[in-house]
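Residue numbers (our numbering): 2 to 303.
Here you go:
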């Protein structure tokens, strides 16, 4: 994106704060003209920042978390860990798989990955995380699969295919995150064919949380659809969420994809999901992410 458009985005943000529009508690307190202007400003800001991100010169000044040197050190360090969260089958709640979640010292995982990409080390950092996750397959039950998060850039890389050639691909599910836009699906479809030849399955993560996850489903035809917590929270008491749940159950059935509900925290949510036809779920109700699979298995079965 051009510097002019990025400057326009900054001007939009400045107008939002200078006019106090962001401080208005009630949308109805704004005049029709102010609502229109606010909508234009927000749209311009969101579009510009989503497409451009920060300028390289701004990353080091404004990105919280570890520095680039810490990322380089982490790449050669054994301190990164993999915690596993169980994925259960409803309604019986037997564990059928796990999601691998990276953990690092001092800062939240997303800050480490953001800094790695900003430092030009994102692919190497993600592949190292994939390798750590795959190492856990040996300690899991033979019939359990392992979900591993990857960005769009990592999914389409040859390095990923090379890394997974030595794993039992039939037990690996790559979860495509929505942190990065996809403008041309052709190379991704070709890469997915290569991965499926290894037995690897593809999941679309956080469906419902972002603007592009539904398009990912249409274009990439995933094996697994993972519903974001924002759709699950309070679904037992929300008729709109219940209708959405039925829509996704139908979509998954027609697409011949497994449907996983993420972030399930209450018995009421679990009951509604099961009654709606959702067969797989994960969340604190069934067990938090922990480092050792045995501990995870016990937590989910209690």
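Glycine residues also receive a C-beta, built at the ideal position from the N, C-alpha and C atoms.
CB contact flag (residue 244, residue 262, <7 Å): On the chain shown, position 243 is the one that residue 244 refers to. On the chain shown, position 261 is the one that residue 262 refers to. For residue 244 and residue 262, no; Cβs fall outside 7 Å.
Neighbourhood of residue 90 by C-beta, 7 Å cutoff - its chain only, sequence neighbours within 5 removed: Locating residue 90 in the chain shown gives position 89, where the first residue counts as 1. Within the same chain, residue 90 has close Cβ partners 97, 280 and 281.
Where does residue 292 land, buried or exposed, given buried means 16+ other C-beta within 10 angstroms? The sequence position of residue 292 within the chain shown is 291, counting from 1. It is exposed - the Cβ of residue 292 has fewer than 16 other Cβ atoms within 10 Å.
Rank 103, 77, 71 and 67 by C-alpha distance to the C-alpha of residue 290 and give the top, closest one. Indexing the chain shown from 1 puts residue 290 at position 289. For the residues 103, 77, 71 and 67, the minimum Cα distance to residue 290 belongs to 103.
Decide if the segment 109 to 120 is in contact with the segment 136 to 148; the criterion is three or more beta carbon pairs, one per stretch, under 8 Å apart. no
To the nearest whole angstrom, what separates the beta carbons of residue 155 and residue 127, a pair I think is in contact under 8 Å? As a first step, residue 155 is located in the chain shown; it is residue number 154 there, counting from the start. As a first step, residue 127 is located in the chain shown; it is residue number 126 there, counting from the start. About 4 Å; that satisfies the 8 Å criterion.
With DSSP collapsed to three states, give me the class of residue 287. For the purposes of this step, residue 287 is identified with residue 286 of the chain shown, where counting begins at 1. DSSP places residue 287 in coil when its eight states are reduced to three.
Measure the alpha-carbon distance for residue 136 versus residue 169 and round it to whole angstroms. Position 135 of the chain shown, counting from 1, holds the residue named residue 136. Position 168 of the chain shown, counting from 1, holds the residue named residue 169. For residue 136 and residue 169, the distance between alpha carbons rounds to 11 Å.
Leaving out the 5 sequence neighbours to the left and right, which residues in its chain are closer than 7 Å to residue 84 when beta-carbon positions are compared? The sequence position of residue 84 within the chain shown is 83, counting from 1. If we look at residue 84 and ignore the five residues flanking it on each side, its Cβ neighbours are 102, 104, 290, 291 and 292.
For residue 236, count neighbouring Cβ atoms within 10 angstroms of its own Cβ and tell me buried if that reaches 16, exposed if not. Translated into the one-based positions of the chain shown, residue 236 becomes position 235. The residue is buried, with at least 16 neighbouring Cβ atoms inside 10 Å.
Could you name the residues of the same chain whose beta carbon sits closer than 8 Å to that of residue 58, not counting the 5 residues immediately before and after it, in chain order? If you number the chain shown from 1, residue 58 lands on position 57. Below a pLDDT of 50, predicted positions are generally treated as unreliable, and residue 58, at 38, falls in that range; no measurement from the model is reported.
For residue 138, report the span of its beta strand (DSSP E) as first-last. Indexing the chain shown from 1 puts residue 138 at position 137. Taken as a continuous stretch (DSSP letters only), residue 138 belongs to no beta strand (DSSP E), as it is neither H nor E.
With H, G and I counted as helix, E and B as strand and the rest as coil, what does DSSP make of residue 254? For the purposes of this step, residue 254 is identified with residue 253 of the chain shown, where counting begins at 1. Correct three-state label for residue 254: helix.
Buried or exposed, going by whether 16 or more other CB atoms sit within 10 Å of the CB of residue 3? Locating residue 3 in the chain shown gives position 2, where the first residue counts as 1. Residue confidence for residue 3 is low, a pLDDT of 49 falling below 50, so the modelled location carries little weight; the figure read from the coordinates is stated next. Residue 3 is exposed by the Cβ-count criterion.
Pull up the DSSP beta-bridge partners for residue 148, would you. The sequence position of residue 148 within the chain shown is 147, counting from 1. BP columns for residue 148 point to 100 and 174.
Our contact map puts residue 185 next to residue 204 with C-beta atoms below 8 Å; I'd like the distance itself, whole angstroms only. As a first step, residue 185 must be located in the chain shown, where it is residue number 184. As a first step, residue 204 must be located in the chain shown, where it is residue number 203. Residue 185 to residue 204, Cβ: 21 Å. No contact.
Quick one: which unbroken beta strand (DSSP E) runs of 3-plus residues sit fully inside the segment 191 to 259? Chain order, please. 202 to 208 and 225 to 228
Note down the Cα distance separating residue 87 from residue 150, rounded to an integer number of angstroms. Here residue 87 is taken as the residue at index 86 of the chain shown, counted from 1. Here residue 150 is taken as the residue at index 149 of the chain shown, counted from 1. Distance between the alpha carbons of residue 87 and residue 150 is about 15 Å.
For the candidate residues 233, 93, 75 and 117, whose alpha-carbon lies nearest to that of residue 274? One-based indexing of the chain shown puts residue 274 at position 273. Closest by alpha carbon: 233.
Taking the beta strand (DSSP E) that residue 75 falls in, what are its first and last residues? As a first step, residue 75 must be located in the chain shown, where it is residue number 74. Run containing residue 75: none in the beta strand (DSSP E); it sits in the alpha helix (DSSP H), 69 to 76.
Which residues in the same chain as residue 129 place their Cβ atom closer than 8 Å to its Cβ, once the five residues preceding and following it in sequence are excluded? Stepping through the chain shown from its first residue, residue 129 is reached at position 128. Around residue 129: 76 and 81.
Going by CA-CA distance only, name the one from 276, 286 and 285 that's closest to residue 92. One-based indexing of the chain shown puts residue 92 at position 91. If we check each option's Cα against that of residue 92, 276 comes out closest.
Residue 157 and residue 189 - do their beta-carbons sit closer together than 7 Å? Along the chain shown, read from residue 1 onward, the residue named residue 189 stands at position 188. Along the chain shown, read from residue 1 onward, the residue named residue 157 stands at position 156. Yes; because the gap between Cβ atoms is below 7 Å, this pair is in contact.
Length of the line joining the Cα atoms of residue 159 and residue 250: In the chain shown, counting from the first residue as 1, residue 159 sits at position 158. In the chain shown, counting from the first residue as 1, residue 250 sits at position 249. If you take the alpha carbons of residue 159 and residue 250, they lie about 33 Å apart.
Measuring only the C-alpha atoms, how far is residue 255 from residue 207? Locating residue 255 in the chain shown gives position 254, counting from the first residue. Locating residue 207 in the chain shown gives position 206, counting from the first residue. Distance between the alpha carbons of residue 255 and residue 207 is about 19 Å.
For residue 292, list the residues DSSP reports as bridge partners. Here residue 292 is taken as the residue at index 291 of the chain shown, counted from 1. None; residue 292 has no bridge partner.
Selection from 197, 247 and 71 that minimises the alpha carbon distance to residue 172: Residue numbering aside, residue 172 sits at position 171 when the chain shown is read from its first letter. Ranking the options by Cα distance to residue 172, first place goes to 197.
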